[in-house]
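To keep things clear, I will list the structure first and then write my remarks on it.
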Amino acid sequence: MSEIKKSGDNYSLNQVIPNDFQLNKFFYKQIGKNYQWVDRLIWTDKNWIEYVSSPNLFTFVLKNNDDIAGFFELMYHKDKLETEIAYFGLLKEYFGKKLGGYMLSEAIKKSFSYNVKRVWAHTCSLDHKNALKNYLSRGMKIYNTETVNIKSA
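Rendered as structure tokens:
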């Protein structure tokens, strides 16, 4: 894996214990609004609480001093010995600081710490323009591609 170190001493990456549905919801809405993350916009707080209450969901937050900068969710699939990087992203004001590479390196390392055989993520043409390049640069491989037509509103 090609690894990137964090770009400053003021950054920290920590697991959220216990998971906080408001935090996951915040990141989903703030980051997702730029990338058409829409499937969870209709979720109630009850849906969010159920989701983050899964013992297989691990949320990590990147901070710059006390300011939140980004996050990722890891979903551990014990039956398949896999970890899915379920959601991953930076708030817009932290773009261009090489933090995406650092966070993805950490997400992959933390994923393998669960003694899994495979780590995977979905990406698409609606994601950040550097998303696929970042995944490939960290040693991930394209497993499958598909074309999906999205209905416009």
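Everything in the sequence shown is counted per the UniProt record's numbering, starting at 1 for the first residue and increasing by one.
Ideal Cβ positions, reconstructed from N, Cα and C, are used throughout, including at glycine.
Anticipated Cβ contact below 8 Å, residue i with residue j, distance rounded
| i | j | result |
| --- | --- | --- |
| I31 | G96 | Going by Cβ atoms, the distance from I31 to G96 rounds to 15 Å, so no, they are not a contact pair. |
| N64 | N10 | 5 Å |
| Y143 | Y87 | Not confirmed; about 18 Å, so no contact. |
Separation of residue j from residue i, as counted between CA atoms
| i | j | result |
| --- | --- | --- |
| K33 | G101 | 21 Å |
| residue 154 | S12 | No answer is possible for residue 154: it lies beyond the span of the chain, which begins at 1 and ends at 153. |
| L57 | W48 | 12 Å |
| F26 | I42 | 14 Å |
| G70 | V38 | 19 Å |
| V16 | K80 | 24 Å |
Residue i CB to nearest heavy atom of the ligand MN below 7 Å
| i | result |
| --- | --- |
| D67 | Judged by which ligands are present, the structure shown has none, so any question about the ligand MN falls away. |
Where the alpha helix (DSSP H) through residue i begins and ends
| i | result |
| --- | --- |
| I85 | Unbroken run through I85 is the beta strand (DSSP E), E82 to L90; no alpha helix (DSSP H). |
| E50 | D45 to V52 |
| K29 | F21 to G32 |
Enclosing beta strand (DSSP E) for residue i [first to last residue]
| i | result |
| --- | --- |
| L41 | First-last for L41: undefined, no H or E at that position. |
| S113 | S113 -> no beta strand (DSSP E), and no H or E assigned at all. |
Beta bridge counterpart(s) of residue i as assigned by DSSP
| i | result |
| --- | --- |
| I68 | K63 |
| S12 | K63 |
| L74 | F58 and I85 |
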